[in-house]
Amino acid sequence: MRRATRTTVAGLAAVLALAGCAGSQEGSAVPTEPTPSAAPTEPDRTSADATPTPPTGPTAAAPSGRPFRATTDLPTMGPPTAPPSQPTDLRKANILAGRITRGGTGPCYGLVTDDGREYALHGVGKGSFATGSWVRVTVGPADPAADCGPGTPASIIKISPVG
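Mapped onto our numbering, the consecutive letters of the sequence shown carry residue numbers 71 to 233.
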């Protein structure tokens, strides 16, 4: 099976190499005149409609025989007209970052986020965090049996120091 694949790849490479060496028409790899089968068909003209129409084929060709590239600019977005109405950096709701306000060895911790929200976190065996240290916390639903003081109650899934 492996030999057949190598033979197929070698044959394909040879065909592609020969196709690249194929003769060109009048020194150009791309014909500049449309072929009769590619020309659009026009409806029958009456004698009253004798005005000539502009050609529909390709226009002037570049020195390489290829048509010139369009000189129009690509469409781009303009500058914003006002600040965004919603936050542009969406965050996961269960990930918090902030400063420990009630630290120690746990299981209760206090956390205040950068936007001033206070959380009462509960997590058994999550480590020791000093008051004032910065942490990142993944939280889950609060344990109804735990009362860790003021703030929005939540349980700690993962907590790690920042910085």
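We put the CB at the ideal spot given by N, CA and C, even for glycine. Being a predicted model, the structure only gives us computed values, none of them experimental.
Over the uninterrupted beta strand (DSSP E) stretch that includes residue i, give me the two end residues.
i	result
arginine 169	165–172
valine 205	204–210
threonine 183	178–183
Does the distance from the C-beta atom of residue i to that of residue j stay below 8 Å?
i	j	result
isoleucine 170	valine 205	yes
serine 27	threonine 175	Here the chain has residues from 71 to 233 only, and residue 27 is not among them.
tyrosine 179	leucine 160	no
isoleucine 165	lysine 196	no
proline 225	aspartate 213	Here residue 225 is serine; the residue named in the question, proline, does not match the sequence. Yes, they are a contact pair.
threonine 141	arginine 187	no
State the DSSP-derived secondary structure class of residue i, mapped to helix, strand or coil.
i	result
glycine 81	helix
alanine 190	strand
threonine 222	strand
proline 157	coil
From the DSSP output, read off the bridge partner residues of residue i.
i	result
valine 232	Paired residue(s): none; valine 232 is not in a bridge.
Leaving out five residues on either side along the sequence, give the residues of the same chain with a beta carbon under 6 Å from the beta carbon of residue i.
i	result
alanine 167	Arg206
threonine 201	Ile170, Gly173
leucine 144	none
threonine 77	none
glycine 210	Ser225, Ile227
By Cβ distance below 7 Å, which residues in the same chain neighbour residue i in space, the five residues on each side in sequence not counted?
i	result
glycine 219	Arg172, Cys178, Gly180, Ala190
valine 194	Gly176, Pro177
threonine 151	none
Spatial neighbours of residue i within its chain, please: C-beta separation below 8 Å, excluding the five flanking residues on both sides.
i	result
threonine 158	none
alanine 84	none
For a cutoff of 8 Å on Cβ pairs, would you count residue i as touching chain D?
i	result
threonine 208	In the structure shown, chain D does not exist; there is a single protein chain.
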